[in-house]
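Report on the structure given below.
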């Protein structure tokens, strides 16, 4: 009986290990590459799809609090949109070399402070001078994501935006 008991116990243990290994392997399946960047809307009149926010179910879309141009009126009211998703149209005037951030301006008002736009995913098709539609979350106080001394290519790009409002987790579309 002792041998039979050990044999049954060994089989149960082996079965449990096999099931745990199979469950772990299937949980790790999926794509390992970065998802395609959001393209926004071509017309600049609607909101793009976004992942569910806390308190949302996956089928719901985040509510876009503002849709319109990045202009003096929006800049004046920007603090009221903090933490909310907005969709802005403007022109790219600067692009970080890694394409993970860009600067949005109002082409009709060169004196308006530029807006830093931080990407949810890289902006591979972004070009300076291009009119774009970006959708992201307004944040109030930009802090550089890394130590500027460690980044030769991007040194100084973020410095002029520290402490300024910015658009975070943005997706990009072209007009």
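Residue numbers (mature numbering (1 follows the signal peptide of the UniProt record, and there is no 0)): -27 to -1, 1 to 148.
Ideal placement from N, C-alpha and C gives every residue a C-beta, glycine not left out.
These figures come from a predicted structure and were not determined experimentally.
Cut-off 8 angstroms between Cβ atoms - residues of its own chain near residue i, not counting five sequence neighbours on either side
{"i": "residue 55", "result": "111, 112, 113, 138"}
{"i": "residue 79", "result": "42, 43, 44, 45, 63, 64, 85"}
{"i": "residue 82", "result": "44, 45"}
Residues that DSSP places opposite residue i in a beta bridge
{"i": "residue 64", "result": "78, 104"}
{"i": "residue 146", "result": "106"}
{"i": "residue 149", "result": "Not covered by the structure: residue 149. The range shown for the chain is -27 to 148."}
{"i": "residue 139", "result": "89, 112"}
{"i": "residue 97", "result": "Note: residue 97 sits in no beta bridge, so no partner."}
{"i": "residue 59", "result": "39, 109"}
Residue i to residue j span [Cα, whole Å]
{"i": "residue 71", "j": "residue 48", "result": "26 angstroms"}
{"i": "residue 106", "j": "residue 132", "result": "24 angstroms"}
{"i": "residue 95", "j": "residue 140", "result": "14 angstroms"}
{"i": "residue 98", "j": "residue 108", "result": "16 angstroms"}
{"i": "residue 75", "j": "residue 115", "result": "14 angstroms"}
{"i": "residue 50", "j": "residue 146", "result": "23 angstroms"}
{"i": "residue 134", "j": "residue 52", "result": "16 angstroms"}
{"i": "residue 13", "j": "residue 143", "result": "Note on residue 13: pLDDT 38, under 50, position unreliable in the model; no value is reported."}
{"i": "residue 101", "j": "residue 117", "result": "22 angstroms"}
Cutoff 6 angstroms; reference residue i; Cβ partners in own chain excluding five residues on either side
{"i": "residue 77", "result": "43, 63, 88, 90"}
{"i": "residue 40", "result": "60"}
{"i": "residue 73", "result": "92, 95"}
Residues of its chain near residue i, where Cβ-Cβ distance is below 7 angstroms and the 5 sequence neighbours each way are ignored
{"i": "residue 136", "result": "114, 115"}
- prompt: Is it true that the stretch 63 to 77 meets the stretch 88 to 96, where meeting means three or more beta-carbon pairs spaced less than 8 angstroms apart?
  reply: yes
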